[in-house]
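One structure is given below, encoded as structure tokens.
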Amino acid sequence: MQITSPEFKKNARSALSDTQLQKALGHVRTGFIDKRQASVDALPEFDELRDSARAIKDHTLAHLDLYLERYEEKVKSAGGYVHWAETAEDARSVILDICRAAGARTVTKGKSMITEEIGLNEFFEKEGVRPVETDLGEYIIQLRGEHPSHIIAPAVHLNKEQVEADFRRVHDHLRPNRDLSEPESLLAEARRVLRSEYFTADVGITGANFLVAETGSSVIVTNEGNGDLTQTLPRVHVVVASIEKVVPTLEDMSQILRVLARSATGQDMSVYTTVSTGPRRPGDPDGPDEYHVVLLDNGRSSMLGTEFQDMLRCIRCGACMNHCPIYHAVGGHAYGWVYPGPMGAVLTPSLAGIDKSGHLPNASTFCGRCEAVCPMKIPLPKMMRHWREREFARGLNPATQRYGLRAWALFASRPRLYHLAASFAIPALSFFTGRRPRFRYLPFAGGWTRHRDLPAPENRTFLQQWRSRQAAKQEAQA
Amino acid sequence: MSGREAILKKVRGALGAPLDDAARAKAVRQRLAKAPTGVVPARGRLPEEERIALFRQMAEKVSATVEHVKKTGDVPNAVAAYLRSKNLPASVRMGGDERLRAMPWGRVKALETKTGPADPDDEVGVSHALAGIAETGTVALYSGVENPTTVNFLPEHHIVVVDAKDIEGDLETTLSRLKKRFGKGKMPRTLNLITGPSRSGDIEQKLLLGAHGPRALHLIVVDDGRIGNKL
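Those protein sequences? They're chains A and B, same order as listed. First residue of the first sequence? That's 1 in the numbering used here, and the numbers climb one at a time after it. First residue of the second sequence? That's 479 in the numbering used here, and the numbers climb one at a time after it.
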């Protein structure tokens, strides 16, 4: 997909004034957080499981080459094919070849962020293959020609009235005066429309939440059942997964499953956890005749051995964005690429380049909620800081910011000078505010004061206050 | 260089791992051989009766319905009663699973049982579970010659028969049962872990049952009179 991350500031501004979007984002601010908390509170071992899950991924990443080889061997012995794709382009062409060989005109798809990452739908359309998204949220945004705004709730930026309008526009063979005012009727209509697609499709494409090296299995975790119909009914099943999805054993999968659904939707377990191994066996009454796995690197191997390796533990639960004040304010599209929120702010620069996505690691208050809720304990704020450092080192931020930072560093690295300057500046600032300790306008800080007041400092510096309090304490003790 | 070699080379380079590092290979071999069990929640570690009660409680929490019957022979009548209560036609789809075939379906008058994979018009599918998992109210089903996967997903109503003695405390116990049956490292083509009926929250975060899979999941626990319907 076309990256618009360089336009983050513009995107964010228009998101803030988009009333439909702001209304829809209200559901994120409340729903996800409370549900996650309730399910975490009900499992005393949750934190222990986070440590266990983290250790599993760390071990796997340290031996990634060996587990990938073992996984491939097991897929082959179960009668499946493994295709290795270094880049998005490689993956697209492998998938197209499989579809061409199957004579595919229609391809159904389960929800998969990886196929968003490689821009599969746009590519298919250019090549004359019709992709049909079957996850309800993905289906809705496909009708709108949009991309997901959230990694587990792709249509979270929409309200039901917008979905109704799209269904009326696209499903024009249905009765025009039918009632579509409630989500129930919208869901029922999507279910009916998509039913026939599963049977028409020649190829079904899914992502994978895990690849299990012990057994050569791919695992999908879903709630709707569309992923299972997608991979069971067509003649060919293609799994598209990135290399860091591999785990050693089924027992390891079980550990991560316990933190995945709880962190994502607050469920103890998603409705369908499906472990697939190879194609239909002799005598099987259903299932695909061919089973392919496309293993995608697309920049991940370059994150290994760097300060960004921990990001490869990510299991795509979405908890970081569900708890992010920036995501709550601007939604997912403003981030301008496939992965929004804090995980996207770290991953996008790694995969698409910091030159295009420098704004993303800057779009954080470093409040730390993302790291606090991450089931894999990924130090997201620390990694955003690493990206800020790299951005600065490469001279990618604007000159005013760079000079500003330099000027600040000049003072900050010289404590005496800093205190001297502060002892002049702070009383001066509080003098100018008058009785209300807030600034409505401040030169050079228009970006802040245009939207909100700047609280004025107390009329003494922190250190001055500290000293006088300590002195008062000692006096009281004496 | 093929994509495979290129990716593996990049991974090894980034990790600073030589091609034939015996210690790394051994670590991987051992991990795969031992398949260590990690943290297993205490929740499911209960005496049988309480474990079965927890299974029911957790399954009902995710909107499945649960009933107990004494003997496998009672299952066809329970199925027929379920169909009547939901105003459904007297017809069910099931695989040729011998545990299901052994049940006296003929004793229920006018109940049609269709064998084989599901087709889009089937309203009710019946399956037999490998195991129930108490910690989450999950049923485990596997595919095979006599167990079509489509029965679990296409019909609007899915009825799953579970033997009370197969209700385990946690997922790990079920996985070791699976390994015993198929051999370690071997798997049925599809293992389905099903927790409640299908659902979606994709429109305004409002949770709705019956997305693409079954709208209703009904679990029939055969308990040999050990628990009964006193729960």
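Built from N, CA and C at the ideal position, the CB exists for glycine as well.
Does residue i get closer than 8 Å to chain A when you measure Cβ to Cβ?
i                : result
Pro626 (chain B) : yes
Asp552 (chain B) : no
Phe631 (chain B) : yes
Leu669 (chain B) : yes
Lys488 (chain B) : yes
His635 (chain B) : no
Ala689 (chain B) : yes
Gly594 (chain B) : yes
Ile672 (chain B) : yes
Gln535 (chain B) : no
Glu650 (chain B) : yes
Val699 (chain B) : no
Gly622 (chain B) : yes
On the DSSP bridge list, what partners appear for residue i?
i                : result
Tyr291 (chain A) : A:His237
Lys592 (chain B) : B:Arg571
Gly603 (chain B) : B:Arg571, B:His636
Trp84 (chain A)  : A:Leu295
Leu669 (chain B) : A:Val275, B:Tyr620
Phe210 (chain A) : A:Val219
Pro285 (chain A) : Note: Pro285 (chain A) sits in no beta bridge, so no partner.
Thr108 (chain A) : A:Val132, A:Gly204
Ser678 (chain B) : B:Leu686
Asp65 (chain A)  : DSSP lists no partner for Asp65 (chain A).
For a contact defined as C-beta to C-beta under 9 Å, what are the partners of residue i on chain A?
i                : result
Gln508 (chain B) : Chain A residues near Gln508 (chain B): none, gap ~10 Å exceeds 9 Å.
Ser563 (chain B) : None at all; the shortest Cβ gap to chain A is about 22 Å.
For the alpha helix (DSSP H) containing residue i, name the first residue and the last one.
i                : result
Phe432 (chain A) : 415-433
Tyr139 (chain A) : 136-144
Ala609 (chain B) : Taken as a continuous stretch (DSSP letters only), Ala609 (chain B) belongs to no alpha helix (DSSP H), being part of the beta strand (DSSP E) at 609-611.
Arg529 (chain B) : 526-539
Phe366 (chain A) : That residue, Phe366 (chain A), is in no alpha helix (DSSP H); it is neither H nor E in DSSP.
Ile33 (chain A)  : 33-41
Ile485 (chain B) : 481-493
Gly480 (chain A) : Since the displayed chain A opens at 1 and closes at 478, residue 480 (chain A) lies outside it and no answer follows.
Cys320 (chain A) : 319-322
Buried or exposed for residue i, going by 16 or more other Cβ atoms inside 10 Å?
i                : result
Leu697 (chain B) : buried
Tyr403 (chain A) : exposed
Ala500 (chain B) : exposed
His292 (chain A) : buried
Lys245 (chain A) : buried
Thr30 (chain A)  : exposed
Val623 (chain B) : exposed
Lys57 (chain A)  : buried
For a contact defined as C-beta to C-beta under 8 Å, what are the partners of residue i on chain B?
i                : result
Phe199 (chain A) : Pro598
Ser181 (chain A) : None at all; the shortest Cβ gap to chain B is about 12 Å.
Anything in chain B within Cβ reach of residue i, meaning under 9 Å, just list it in chain order.
i                : result
Arg178 (chain A) : Those within 9 Å of Arg178 (chain A) in chain B number zero; the least Cβ separation is about 16 Å.
Ser430 (chain A) : Within 9 Å Cβ-Cβ: nothing; Ser430 (chain A) doesn't reach chain B, min ~45 Å.
Ala62 (chain A)  : Leu493, Ala495, Arg502, Ala505
Lys160 (chain A) : Ile681, Glu682, Lys684
Val346 (chain A) : Correct list: empty, because the minimum Cβ distance to chain B is about 17 Å.
Of all Cβ atoms in chain B, is any one closer than 8 Å to the Cβ of residue i?
i                : result
Asp18 (chain A)  : no
Asn121 (chain A) : no
Ala472 (chain A) : no
Met269 (chain A) : yes
Asn223 (chain A) : yes
Leu66 (chain A)  : yes
Gly137 (chain A) : yes
Ala155 (chain A) : yes
Tyr339 (chain A) : no
Gly204 (chain A) : no
Gly207 (chain A) : no
Looking at the unbroken beta strand (DSSP E) that takes in residue i, where does it start and where does it end?
i                : result
Ser621 (chain B) : Ser621 (chain B) -> no beta strand (DSSP E), and no H or E assigned at all.
Leu697 (chain B) : 694-700
Pro131 (chain A) : 130-133
His546 (chain B) : 543-547
Ile205 (chain A) : 203-206
Phe308 (chain A) : Looking at the DSSP string, Phe308 (chain A) is not in any beta strand (DSSP E), and its letter there is neither H nor E.
Which residues of chain A have a Cβ atom closer than 8 Å to the Cβ of residue i, listed in chain order?
i                : result
Gly663 (chain B) : Lys74, Glu214, Thr215
Arg523 (chain B) : In chain order: nothing, as chain A lies at least about 12 Å away.
Ser676 (chain B) : Asn223, Glu224, Gly225, Val271, Tyr272
Leu653 (chain B) : Leu250, Glu251, Ser254
Against residue i, what residues of chain A qualify as contacts under a CB-to-CB distance less than 7 Å, listed in chain order?
i                : result
Thr515 (chain B) : Glu251
Cβ closer than 7 Å: which chain B residues qualify as neighbours of residue i?
i               : result
Glu86 (chain A) : Gly481, Ala484, Ile485
Asp90 (chain A) : Gly481
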